Amino acid sequence: MNMEVILNDLGVQSVYSCTQIIGGQDSSVWKVETSQGATYALRLLPRQRHQQFTREENIIRLVFDHGIPVPKVHLVKLWGSGPLC
Numbered sequence: 001m002n003m004e005v006i007l008n009d010l011g012v013q014s015v016y017s018c019t020q021i022i023g024g025q026d027s028s029v030w031k032v033e034t035s036q037g038a039t040y041a042l043r044l045l046p047r048q049r050h051q052q053f054t055r056e057e058n059i060i061r062l063v064f065d066h067g068i069p070v071p072k073v074h075l076v077k078l079w080g081s082g083p084l085c
C-alpha cells in the first residue's frame, strides 16, 4: 500500500512523517504529520466495512453536536479499488 499516493489523493500535502500505529484490532491506523504542523489520524478499513465507517462518522458528528469533545472527521472515502479512508 503506497501511503504517499493515498495521502496525495486525499489532499494531504507536505507530509513530514507518516507512521503506522501498531495495535489496531480492525483497521490500519496511521499518524500523519504535515510540514505545516497539522497532525491527522488516518484509518484504513477493508472496503466491505463501509457501513461501519459511516456509522462511526454519524455517531461522532452526533456527539459533537451535543458538546462532547471528539476527534474531527475530515473525510470518509472509498479509495480506488482498495480500502476505505
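One point on numbering: in full-length UniProt numbering, the residue at position 83 of the sequence shown is 83, and numbering is uninterrupted. Backbone N, C-alpha and C fix where the C-beta goes; we use that ideal spot for every residue, glycine too. All values derive from a computational prediction rather than experimental measurement.
- Its Cα nearest to that of Pro71, the residue Glu56 stands out among Glu56, Ser81, Arg49, Trp79.
- With fewer than 16 other Cβ atoms inside 10 Å of its own Cβ, Ile68 counts as exposed.
- Counting only the Cα atoms, Gly80 lies some 12 Å from Met1.
- Under the three-state reduction of DSSP, Ile68 is assigned to coil, being neither helix nor strand.
- Separation of Gln13 and Leu7 (C-alpha to C-alpha, rounded to the nearest whole angstrom) is 7 Å.
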